[in-house]
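Read the structure below first, then the notes.
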Amino acid sequence: MDLSTIRHLLSERAANFLTQREHRLLIDGQWVPAASGATFATLNPATEEVITQVAAANAEDVDRAVRAARKAFDTGPWSTIRPAERQRLMLKLADLVEDHAQALAEIESVDNGKSAGIARAVDIALTIDFLRYMAGWATKIEGSTNAVSVPFAPQAEFISYTRREAVGVVAAIVPWNFPLLVATWKLGPALAAGCTVVLKPAEQTPLTALYLGELINEAGFPPGVVNIVTGDGLDAGAPLTRHPLVDKISFTGSTEVGKIIGHASVDNMTRFTLELGGKSPVIVLDDCNPAEAAAGAANAIFFNHGQVCCAGSRLYVQKKMFDNVVSEIGKIASSMTLGHGFDAGAQMGPLVSQEQLDRVCNYIDIGRSQGAKVVAGGARHAGKGYYVQPTVLADVDHSKRVVQEEIFGPVLTAMPYDSLDEVAAWANDSPYGLGASIWSNNLSKVHRLIPKIKAGTVWVNCHSVLDPAMPFGGYKQSGIGRDMGRASLDAYLETKSVFIAV
Ligand code: ADP
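Add 263 to a position in the sequence shown, counting from 1, and you land on the number used in the numbering used here.
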């Protein structure tokens, strides 16, 4: 399968976009090549073949993009735009994304390796809903009127209020696992608040952001409001995070890069929010039906091939049903079929890149060498494409690397526990705190466990459920701040206090 052999599976829009465009940078409303003329290849993870070339931005391009965003924010039409107009433009964009949903899903599938059907049903559907949800906030940004006393001016009277104002130019740096969706998690609140944006997609998956750029122009956003620079982390990402004219950075990616960005931000006092790694526990209580718990746990780790920051990668099952549940998950993992994103029968696709494949296989080897028993999978899938078998590891000591470190692939480690207190302690024995799920219908045990778990989201009898209205983000090294929900808007707003002596 290469692009020519799957071309007949692609809609006309996706095929045209992939084969008949020069994929350039969007700066000040125009599609321009990188100043250096450099490009890089983006690959199809299912075939390891080049899909197309994309402009490779460097510091000079980033500077032009930031200046365009700055101008649009400070003096361009965006600086005086009314909230209702922002809302209208965002709703228009959401309608366009809906109209182009199939093409976007197909392009996401080819670039990332995920199923086109799932991309349509999850990534693109959530993108549309989230844009509509955030569009509504544009007209609901409120400050407060405050009754003040001013102790050192007892005779004076003041009218005092707060204003919420857009923070300014936002640098949005996003990863490759949900490329369009996570880009929208940044764009949505930024545009609703009245900010302008420089978006840098991941170098592995730049294409849907560029397609979105075309829709942003078609929707009628003024030039410079959204700029898109494609390129890698060091040449394009790093100059963006260090640029003095950027007011806020919103980053989703690895904890390692998040820390670098945090340090860079403080130099310029740039505001930042970080959504980082995870090692989310799945806690099965003994009142569960083992087959149902196994199906839920398998979905928690294998969805999106385990390339989910909140993937349920640590499974804890109460001792008496441990063997039963783990053997059920082993059966599920062993029976899963692997295939490319247009293969409707495939239950899992390739990992995104050779680098990820090597990383995941290396972790499986480390697990084995540190004493883990391989219940299912445990190897790379033969043939072309970055496929790895869904893997279940058991009998692993809690201190071992496969339990403690984020693998970011379809690898589950399973551990038995005795008591609720013990499992709560183990669930929290991790540098991360993004998500956790509890599987039980015992109301009182579930409610006793929820407050004990240090995680940004706790799911009960489900995992990785997301909604535009619910904030998503991490405790501990899983990040700072929240995406989605009302809470995410706050990170794109400053608060100004006003005193008027009357
Ligand atoms: P992953 O390990 O999942 O690829 P990364 O954290 O490396 O995740 O990448 C997430 C995003 O951060 C990508 O868009 C990448 O290009 C960007 N990035 C990587 N390194 C840096 C850096 N030093 N500064 C800014 N952005 C970076």
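The beta carbon of each residue, even a glycine, is placed where N, CA and C say it ideally should be.
For this session: Could you work out which residue in T676, S342, Q283 and K449 is closest to D753 when comparing CA atoms only?
Result: Closest by alpha carbon: K449.
Problem set entry | At least three beta-carbon pairs within less than 8 Å, the segment 369–376 to the segment 272–291 | They touch, by the three-pair rule.
Exercise. So what does DSSP say about A277, is it helix, strand or coil?
Worked result: Helix at A277.
Exercise. How would you call E420, buried or exposed, if buried means at least 16 neighbouring beta carbons within 10 angstroms?
Worked result: Burial call: exposed.
Problem set entry | Proximity winner among G569, S616, N562 and A574, relative to E591 (alpha-carbon distances) | Of G569, S616, N562 and A574, the residue nearest in Cα terms is N562.
Exercise. To the nearest angstrom, how far is it from the Cα of P714 to the Cα of T390?
Worked result: Each residue's Cα considered, the two are about 30 Å apart.
For this session: Pair every Cβ in the segment 447–465 with every Cβ in the segment 292–300, then say whether three or more of these pairs are closer than 8 Å.
Result: Judged by pairs of C-beta atoms under 8 Å, the segment 447–465 does not touch the segment 292–300, as fewer than three such pairs exist.
Exercise. Looking at I436 and the ligand ADP, is the gap between the Cβ and the nearest heavy atom below 8 Å?
Worked result: Yes; taking the cut-off as 8 Å, the Cβ of I436 has a heavy atom of the ligand ADP nearer than that.
Exercise. Is the distance from the Cβ of A382 to the Cβ of G604 below 9 Å?
Worked result: Taking 9 Å as the Cβ cut-off, A382 and G604 qualify as a contacting pair.
For this session: Could you tell me the distance, in whole angstroms, from the CA atom of M678 to the CA atom of M733?
Result: M678 and M733: Cα-Cα distance of roughly 30 Å.
For this session: Tell me whether S751 sits in a helix, a strand or coil according to DSSP, three-state version.
Result: The answer is helix: DSSP assigns S751 an H, G or I state.
Problem set entry | Cutoff 6 Å; reference I436; Cβ partners in own chain excluding five residues on either side | Closer than 6 Å at the Cβ level, and outside the excluded window around I436, lie K463, G500 and F514.
Exercise. Do the segment 576–590 and the segment 727–743 make contact, defined as three or more Cβ pairs closer than 8 Å?
Worked result: Fewer than three beta-carbon pairs drawn from the segment 576–590 and the segment 727–743 are found closer than 8 Å, and the two stretches are therefore not classed as touching.
For this session: Please confirm whether any heavy atom of the ligand MN lies closer than 8 Å to the CB of I743.
Result: Inclusion of the ligand MN in the displayed structure is not the case, the ligand content consisting of the ligand ADP alone.
Exercise. How would you write the range of the beta strand (DSSP E) that K582 sits in, first residue to last?
Worked result: Run containing K582: none in the beta strand (DSSP E); it sits in the alpha helix (DSSP H), K582 to S598.
Exercise. With C-beta atoms as the reference, is Y755 less than 9 Å away from A557?
Worked result: No, Cβ-Cβ distance for Y755 and A557 is not below 9 Å.
Problem set entry | Secondary structure of M264, DSSP reduced to three states | Legend: pLDDT at M264 = 41, less than 50; position of this residue unreliable, no value from coordinates given.
For this session: Less than 8 Å between the CB atoms is what I'm expecting for N490 and A332, so what's the real figure, rounded?
Result: At roughly 6 Å, the Cβ-Cβ gap stays under 8 Å, so N490 and A332 are in contact.
Exercise. In whole angstroms, what is the alpha-carbon distance linking D606 and G487?
Worked result: So the two alpha carbons sit approximately 39 Å from each other.
Problem set entry | Entirely enclosed alpha helix (DSSP H) segments - the segment 697–750, minimum 4 residues | Qualifying alpha helix (DSSP H) stretches, in chain order: 706–712.
Exercise. What is the DSSP secondary structure of H286, reduced to helix, strand or coil?
Worked result: H286 falls in the strand class under three-state DSSP.
For this session: Could you tell me how far apart the beta carbons of L783 and A320 are, in whole angstroms, since I believe they sit closer than 8 Å?
Result: This structure gives no information on residue 783, because the portion of the chain shown stretches from 264 to 765.
For this session: Tell me whether W439 counts as near the ligand ADP, meaning its Cβ is closer than 8 Å to at least one heavy atom of that ligand.
Result: Flag set: Cβ of W439 near the ligand ADP.
For this session: State the DSSP-derived secondary structure class of Y695, mapped to helix, strand or coil.
Result: Strand.
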